[in-house]
Amino acid sequence: MRIYIKLRALLSAHTLFASNYFYIEISVWIDEKMGRVSVIVYITVAILLLIIVSRSSNKSNHPHRHHRLRIRSNFNLKAEPHSHHEPVAFDPVIADIERRREDKQWEQQFFQIHHPELLIPYETIHPEAPKHESQPEREDFMNAEDYVNDEERFNVTNRLVVLFPKIDVDPVDGYLSENELTEWNLQQSQREVLHRTEREMEVHDKNKDGFVSYAEYEAPSWVKNSDNNSFGYDMGWWKEEHFNASDVDGDGLLNITEFNDFLYPADTKNPKLLQWLCKEEIRERDSDKDGKVNFKEFFHGLFGLVRNYDEEGHNSSHESGDTLEAPAKILFAQLDKDGDGYLSHEELLPIIGKLHPSGRYYAKQQTEYIMQQVFFAFPSD
Numbered sequence: 343m344r345i346y347i348k349l350r351a352l353l354s355a356h357t358l359f360a361s362n363y364f365y366i367e368i369s370v371w372i373d374e375k376m377g378r379v380s381v382i383v384y385i386t387v388a389i390l391l392l393i394i395v396s397r398s399s400n401k402s403n404h405p406h407r408h409h410r411l412r413i414r415s416n417f418n419l420k421a422e423p424h425s426h427h428e429p430v431a432f433d434p435v436i437a438d439i440e441r442r443r444e445d446k447q448w449e450q451q452f453f454q455i456h457h458p459e460l461l462i463p464y465e466t467i468h469p470e471a472p473k474h475e476s477q478p479e480r481e482d483f484m485n486a487e488d489y490v491n492d493e494e495r496f497n498v499t500n501r502l503v504v505l506f507p508k509i510d511v512d513p514v515d516g517y518l519s520e521n522e523l524t525e526w527n528l529q530q531s532q533r534e535v536l537h538r539t540e541r542e543m544e545v546h547d548k549n550k551d552g553f554v555s556y557a558e559y560e561a562p563s564w565v566k567n568s569d570n571n572s573f574g575y576d577m578g579w580w581k582e583e584h585f586n587a588s589d590v591d592g593d594g595l596l597n598i599t600e601f602n603d604f605l606y607p608a609d610t611k612n613p614k615l616l617q618w619l620c621k622e623e624i625r626e627r628d629s630d631k632d633g634k635v636n637f638k639e640f641f642h643g644l645f646g647l648v649r650n651y652d653e654e655g656h657n658s659s660h661e662s663g664d665t666l667e668a669p670a671k672i673l674f675a676q677l678d679k680d681g682d683g684y685l686s687h688e689e690l691l692p693i694i695g696k697l698h699p700s701g702r703y704y705a706k707q708q709t710e711y712i713m714q715q716v717f718f719a720f721p722s723d
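To get the working numbering, take the position in the sequence shown, counting from 1, and add 342.
Structure representation (structure tokens):
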């Protein structure tokens, strides 16, 4: 039975903005077939609005500020192997605004590191400008926020009506499935990653031939400045072995796809690079430097990462080491194919995707969060 309903929903945004609340008036179709509540086009307005707004991590005490859509302003500009994954904006228009904002920050950081002599402080050019006005990029950023909060220029409902058919593709049935939302999130993430790779390639492709050679690539400053106990030269993250593993055709040069895998190996399908990732895990966890990982090294490092991947949302604070040791031994025995009591890099291959989650994993996480928020807001009776 399908019921057309119009409701005014009070959505608690506690998980999004601390104690802020907001109202959304929407129209929805609910299909109560086989005990499941499927949400059709108009409820998508609520879903996607939650997505866009939930991108905000800022808190404000201003009584009206919580009505504004936020644009991300802080970006992780390091292509670190274990860097925190940043979700990508759901709407490509918002993503483009954030991308341009990130590009400005990246460009500024690049010149600060490589060409500080070319930087001229804004105050030098405009000494009469008050200190709080000496950041033109902040003004541009606020203009962008004003744009997305101007209903005449950026109408959220209209944007979602435009986006809906782009997401509803498998199958085209007027519904958004979990798989369709995951694929959309993944596409936005892949577009963002490729943009960052193209940006890095423009810097490192010194002779502008469309490829990056090992001689052209210079390790980032954060690698050079890292101590011997952290990832860096000692681990081989930026060594020639990593470069060669990324070079699928073996021509000594990385094209854009290979360079993308070089910078973001977690998403690769290149078996050589996956093997290299496994070797890096061995090098990082091998505290006694025997070239293998024993159970103690596995238990105090790798097992926690695998468990976090498999049991998202578990509460480990109430579990002791003795409780965890039994499942750790079971997994260790399953991986230890030759039964020698150690794990080689080949034996780590079955779990490398859990040690280095791919973009699809994070896209699925983002989708699951969206679904939770929607069904929390519109529970089934």
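Quick reminder that beta carbons are idealized off the backbone N, C-alpha and C, glycines included.
> Cβ atoms of LEU619 and LYS696: under 8 Å apart, would you say?
Replying inline: no
>> Rounded to the nearest angstrom, what separates ARG443 and ASP510 at their Cα positions?
In response: 29 Å
>> Please classify GLN708 as buried or exposed, where buried requires at least 16 other C-beta atoms within 10 Å of its C-beta.
In response: buried
> Taking the Cβ atom as the reference point for each residue, do ASN612 and VAL635 lie within a distance shorter than 8 Å?
Replying inline: no
> Do LYS705 and ASN491 have their C-beta atoms closer together than 8 Å?
Replying inline: Reading off the sequence, residue 705 comes out as Ala, not Lys. Not in contact: ALA705 and ASN491 (Cβ atoms no closer than 8 Å).
>> Using DSSP's beta-bridge definition, name the partner residues of SER555.
In response: LEU595
> If you draw a straight line from the alpha carbon of VAL716 to that of TYR517, how long is it in whole angstroms?
Replying inline: 14 Å
>> Can you tell me whether ALA557 is buried or exposed? The criterion is at least 16 other CB atoms within 10 Å of its CB, across all chains shown.
In response: exposed
> Looking at C-beta atoms only, is the number of pairs between the region 433 to 441 and the region 522 to 540 that lie closer than 8 Å three or more?
Replying inline: yes
> Exposed or buried, LYS621, counting other C-beta atoms within 10 Å across all chains shown (16 or more means buried)?
Replying inline: buried
> Can you tell me whether DSSP reads TYR517 as helix, strand or coil?
Replying inline: strand
> Alpha carbon to alpha carbon, what distance is there between GLN530 and ASN549?
Replying inline: 30 Å
>> Buried or exposed for ASP488, going by 16 or more other Cβ atoms inside 10 Å?
In response: exposed
> Assuming LEU605 and THR539 make a contact with CB atoms under 8 Å, what is their CB distance in whole Å?
Replying inline: 6 Å
> Are the CB atoms of ASP603 and GLY701 nearer to each other than 8 Å?
Replying inline: no
> DSSP three-state call for VAL490: helix, strand or coil?
Replying inline: helix
> In or out: ASP630 buried (at least 16 other Cβ within 10 Å) or exposed?
Replying inline: exposed
> Would a C-beta distance cut-off of 8 Å place GLU639 and LEU690 closer than the cut-off?
Replying inline: no
>> Considering Cα atoms alone, identify which of TYR711, ASP652 and HIS687 is closest to ALA670.
In response: ASP652
>> Just list the residues that DSSP pairs LEU685 with in beta bridges.
In response: VAL635
>> How far does the alpha helix (DSSP H) with HIS584 in it extend, from its first residue to its last?
In response: 582 to 588
> Can you tell me the Cα-Cα spacing of GLU754 and ASP664, whole angstroms?
Replying inline: The chain is shown only over 343 to 723; residue 754 falls outside these bounds and no answer can be derived.
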